[in-house]
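**Q** My numbering puts the last residue of the sequence shown at 590; the count rises by one with no breaks.
The beta carbon of each residue, even a glycine, is placed where N, CA and C say it ideally should be.
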Amino acid sequence: MKATRTRLSLLAAGVFLASGHLHAAEDTSATIERLADEVFQHSTLSREEKIAELEWFAKAAEPFRGMEINTVAEGLTTHTYERDVLAKAFRELTGIELTHNIIGEGDVVQNMQTQMQSGRNIYDGYVNDSDAIGTHIRYGATVNLTEAMANEWKDYTLPTLDLDDFLGIQYTTGPDGNLYQLPDQQFANLYWFRYDWFQREDLQKQFRDIYGYDLGVPVNWTAYEDIAEFFSEHVGELDGQKVYGHMDYGRRDPSLGWRFHDSWLSMAGMGSPGVPFGNPVDDWGIRVDEQSRPVGASVSRGGATNSPASVFAVTKMVDWLRDYAPPEAQGMTFGEAGPVPAQGNIAQQIFWYTAFTADMTDPDVAVTDDEGNPKWRMAPSPTGPYWEEGMKVGYQDVGAWTFFKSTPEDRRTAAWLFAQFTVSKTVSLEKLMAGLTPIRESDIFSDQMTEMAPKLGGLVEFYRSPNESMWTPSSTNVPDYPRMAPLWWQNLSPAVSGDISPQEALDNLAGDLDNIMLRLARAKVFSTFEPKLNEERDPEYWLSQPGAPKPKLDDEMPQGKTVPYDKMMEDWMAAGTR
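#1: What would DSSP say about Thr106, mapped onto helix, strand or coil?
#2: Rounded to whole angstroms, what's the CA-CA distance from Val229 to Met282? Just pull it up for me.
#3: Anyone know if the C-beta pair for Trp233 and Gly396 falls short of 7 Å?
#4: Does the Cβ of Thr574 have 16 or more other Cβ atoms within 10 Å, making it buried, or fewer, making it exposed?
#5: Using only the alpha-carbon positions, how far apart do Pro75 and Glu453 sit?
#6: Is Gly447 helix, strand or coil by DSSP?
#7: Give me the Cα-Cα distance between Met461 and Ala240, rounded to the nearest whole angstrom.
#8: Please identify the residue among Glu60, Asp136, Asp301, Trp68 whose C-alpha is closest to the C-alpha of Arg424.
#9: Taking all protein chains shown into account, do 16 or more other C-beta atoms lie within 10 angstroms of the C-beta of Gly116, making it buried, or fewer, making it exposed?
#10: By DSSP, does Gln571 sit in helix, in strand, or in coil?
#11: What residue range does the alpha helix (DSSP H) around Phe430 cover?
#12: How many angstroms separate the CA atom of Phe363 from the CA atom of Pro563?
#13: Cα-Cα, which of Lys579, Leu191, His246 is closest to Gln216?
#14: Please state the DSSP three-state secondary structure of Pro474.
#15: Applying the criterion that 16 or more other CB atoms from any shown protein chain within 10 Å of the CB defines a buried residue, is Ala378 buried or exposed?
#16: Should Asn163 be labelled buried (16 or more other beta-carbon atoms within 10 Å of its own) or exposed?
#17: With a Cβ-Cβ cutoff of 7 Å, do Met529 and Pro306 count as a contact?
#18: Of the choices Asp177, Ala200, Thr449, whose alpha-carbon is the least far from that of Asn479?
#19: Between the Cα of Ala370 and the Cα atoms of Pro506, Ala72, Val472, which residue gives the shortest distance?
#20: Let me confirm a value: Glu442 is counted as buried when at least 16 other C-beta atoms fall within 10 Å, else exposed. Which label applies?
#21: Mapping the DSSP letters down to three states, classify Ala36 as helix, strand or coil.
#22: Taking 7 Å as the threshold (C-beta atoms), are Gly559 and Ser284 in contact?
#23: To the nearest angstrom, how far is the alpha carbon of Trp204 from that of Ala48?
#24: According to the Cβ coordinates, are Val537 and Met482 closer than 7 Å?
#25: Taking 6 Å as the line, does the beta carbon of Leu444 fall inside it for any heavy atom of the ligand SAM?
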């Protein structure tokens, strides 16, 4: 496969670049041609266009030649590629001694918080999740990229950056219309299933006989539960191996929070319509007023964090983990649970991150055939009974370049050049082929991705579909993501372990979210869009109003509904044709 050959060539390029001292006498023109021809072979640009972009970077970096710059990102394959290949190429091209550090996601957030609060420069640029957009627009510590590109960075902004080509640019834009972060990579959570099992005529007949409808991609949560029950209890074993109808994780750990605040409640239909972010109630259940000021998470303040839809969502998570997942899943973290479906005993997973695509395509895993083709597919996750048209469907993780005003201007400008280099059209397609986390529409529609698509189980089809924009990150309603995100796993883990009810856990969570927003408002730490919480009143008042928070449905488990995967993909591809 060309992708495999490409990855090998990238590794070779990395080794070649590591020997930069061998080329100290090589002039810039020769360096540029070598990078264009050997390192960045695959691009949507012509050779002449690649050379022109590389020439621009070399010239723009002249004032910073010899500077030592430090940037940071979490440990994804994409960021490792940036460290091992792109940082070396950038150093050779520009003379800037840039180090792209790879550390844990939590450490990235901690360092970011420390720099924001202390004003001490730790890193010159951060790849930070766009979930923190609500934080960045409020504290006044983050560089407003729209303003910077029009002023101090006017001469240092790539003329061919082409912001309109970026996937995810809407997630890093504030309510004021300004860009605060530059998208660097993204991946979604989708439905994952064993296509080969779903195609078996004996299993199709058995499912139809029991449930009265066809085995296929579940459209609603009832169908997902039916399929989970079917494989766990009625099928039980395939090819001599115990199989399960569901996979998840439940250990008390910070990653348990990701399981919930990464849009699980909104997938059930808890929030308001609106893309990228539900308005006025977002996927955390936080309501904002017309001035984008948070007014509450609790139903008693007009929020929906502890609403009936949220209780339903958490209840189903707990029930499915207990009844249909491998017993050991209850003691796993996100990282431990991620590789399990590749072992070959899981029928489906409602909430699966496409960041695992590369691992799932390894020819040595149990879920690829002898020719390296996937036995699995990805599809849209089913939605819950409270969901309605116009709402987001799932979560999109968008890592995005973020810069702080506390970083000396020359250092952050040099880091801004590297940030643009990592997403430039010269570079971005090779990076996509290495890490499978797309960031440009032009790359997704490239010939190279068309060729790779059959090996990627639906990833390319998903990103070519116009429906992709229905998967979005945490919203601008969240005023302080680093402080508020830990409240999710701390409050919901007792419900997952069965120590308290989902309602109790969500009441505690909503109360804690409100309390921290109250404290932040009183401390007057925000420069704009500060919380202004509603007074508490009888929850029935809000539940009787149109929209979220929504009253409890009489029937939360309507008839199950599925669609044939192949038909769904045909419709998606037709809709996504350019």
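**A** Taking the structure as given:
#1: helix
#2: Distance between the alpha carbons of Val229 and Met282: 22 Å.
#3: Yes, these two residues count as a Cβ contact at 7 Å.
#4: buried
#5: 32 Å
#6: helix
#7: When rounded, the distance between both Cα atoms is 32 Å.
#8: Asp136
#9: exposed
#10: coil
#11: Membership of Phe430 in the alpha helix (DSSP H) is indicated by the continuous run 421-435.
#12: 25 Å
#13: Taking only the C-alpha atoms, the option nearest Gln216 is His246.
#14: What sits at residue 474 in the sequence shown is Phe, not Pro. The answer is helix: DSSP assigns Phe474 an H, G or I state.
#15: exposed
#16: Its Cβ having fewer than 16 others within 10 Å, Asn163 is exposed.
#17: yes
#18: Ala200
#19: Selected option, being the one with the closest Cα: Val472.
#20: buried
#21: Confidence in Ala36 is poor, its pLDDT being 41 and thus under 50, which makes the residue's placement too unreliable to answer from.
#22: yes
#23: 37 Å
#24: No, the pair does not count as a contact, with Cβ atoms beyond the cut-off.
#25: This structure lacks the ligand SAM, and indeed carries no ligand of any kind.
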